[in-house]
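All residue numbers in the sequence shown are consecutive under numbering that gives the first Met the number 0, ending with 186. Glycine residues also receive a C-beta, built at the ideal position from the N, C-alpha and C atoms. Remember, predicted model here, so these are calculated numbers, not experimental data.
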Amino acid sequence: MHANEKYVFYSHGLIVEGSNPTPTNPRWGLYDFPKVKAALASDKYNLIAYHRAKNTKPRAFARKLAADVNLLIKHGVKPKNISLVGFSRGGAITILTSSYIQSSDINIILLATCNTFMKGHVEFIVIGNFHSIYETSDGNGSCQFLMEQSEQVNTMEEISISTGEEHGAFYRPMAEWVVPVKDWLED
């Protein structure tokens with residue numbers, strides 16, 4: 000751990016839980032977790048991307064991530080230099096982690112995460128600097144409602160992409176979402 004460096008935690012979608020880092024969905028195709036990690040990697044920050052076990056309990060894993068983040072903070076890493084990025088179920092875990100950490104300086108990036116089941120649910124609040132990207136053809140849409148139900152959001156920026164790939168747009172590293180995510184992370 001180096002107090003003056005940046006740290007990024009990427010949490011993958013549900014389909015990757017288990018032993019296969021490249022599972023296939025009949026509708027959305029191959030989820031290439033190794034290529035997503037490679038695309039998100041940068042010499043400007045330390046990327047941490049755990050491969051979760053099958054049937055991972057989201058709240059328990061969010062507590063583990065929160066403990067990892069709090070350990071970094073304890074060792075002198077400024078919260079503003081820590082980012083949590085999550086796709087789909089990984090995004091839900093990111094939201095829970097944010098609420099467990101309770102730091103308004105943490106950076107949160109959600110990819111195809113916001114779903115109506117989260118609306119009005121007290122566990123689903125974001126704390127910190129909030130960014131979101133959603134695919135217009137996907138069932139998981141804008142996170143505007145999440146921002147509105149979260150009182151401790153410092154900043155909010157949201158981008159919509161239109162690839163026609165639905166949820167599968169985030170299964171592979173596509174420039175439409177990787178470029179803005181890396182811009183946010185490297186800023």
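**Asked** From which residue to which residue does the alpha helix (DSSP H) around S98 run?
**Response** For S98, the uninterrupted alpha helix (DSSP H) run begins and ends at R88 to I100, by DSSP.
### Task
Locate the beta strand (DSSP E) running through L184, then write down its first and last residues.
Under the DSSP assignment, L184 falls outside any beta strand (DSSP E), being part of the alpha helix (DSSP H) whose first and last residues are A174 to E185.
*Simplified DSSP state of T112, which is helix, strand or coil*: Note: T112 maps to coil in three-state DSSP.
Chain-order list of residues whose beta-carbon lies under 8 Å from that of W183 (same chain, five-residue window excluded): Apart from the 5 residues on each side of it in sequence, W183 sits with its Cβ closer than 8 Å to the Cβ of S82, N106, I108, H130 and E156 in its chain, given in chain order.
Same chain, Cβ closer than 6 Å to T96, neighbours up to 5 away in sequence not counted: Result list for T96: A61, L64, A65 and L83, in chain order.
request  = Going by CA-CA distance only, name the one from L29, I126, I72 and Y30 that's closest to T93.
outcome  = Answer by Cα proximity: I126.
According to the Cβ coordinates, are Q101 and G119 closer than 8 Å? Taking 8 Å as the Cβ cut-off, Q101 and G119 do not qualify as a contacting pair.
*Would you tell me roughly how many angstroms separate the C-alpha atoms of S98 and D31, rounded to the nearest one?*
Linking S98 to D31 through their CA atoms gives a straight-line distance of about 29 Å.
> What is the DSSP secondary structure of H166, reduced to helix, strand or coil?
Replying inline: Correct three-state label for H166: helix.
Q. Just to confirm, are E4 and K53 a CB contact at a threshold of 8 Å?
A. No, the pair does not count as a contact, with Cβ atoms beyond the cut-off.
Taking the DSSP output, what are the residues bridged to I107?
The partner list for I107 (beta bridge, DSSP) reads L83 and F129.
**OP:** Flag this pair as touching only if the segment 35-42 and the segment 111-118 have three or more C-beta atom pairs under 8 Å; answer yes or no.
**Re:** Taking 8 Å as the limit for Cβ pairs, the verdict is that the segment 111-118 does not touch the segment 35-42.
### Query
Considering only residues of the same chain and omitting the five flanking positions on each side of G140, which have a CB-CB separation below 7 Å?
Only C113 and Y133 meet the Cβ criterion.
To the nearest angstrom, how far is the alpha carbon of L160 from that of T21?
The sequence as given places Ile at residue 160; Leu does not occur at that position. About 23 Å.
In terms of DSSP beta bridges, what is E157 paired with?
Among the bridge pairs identified by DSSP, E157 is matched with S131.
Is the Cβ-Cβ distance between R171 and L29 less than 8 Å?
Cβ distance < 8 Å, so R171 and L29 count as in contact.
Continuous alpha helix (DSSP H) stretch holding I72: start and end
Run containing I72: P57 to K73, per the alpha helix (DSSP H) assignment.
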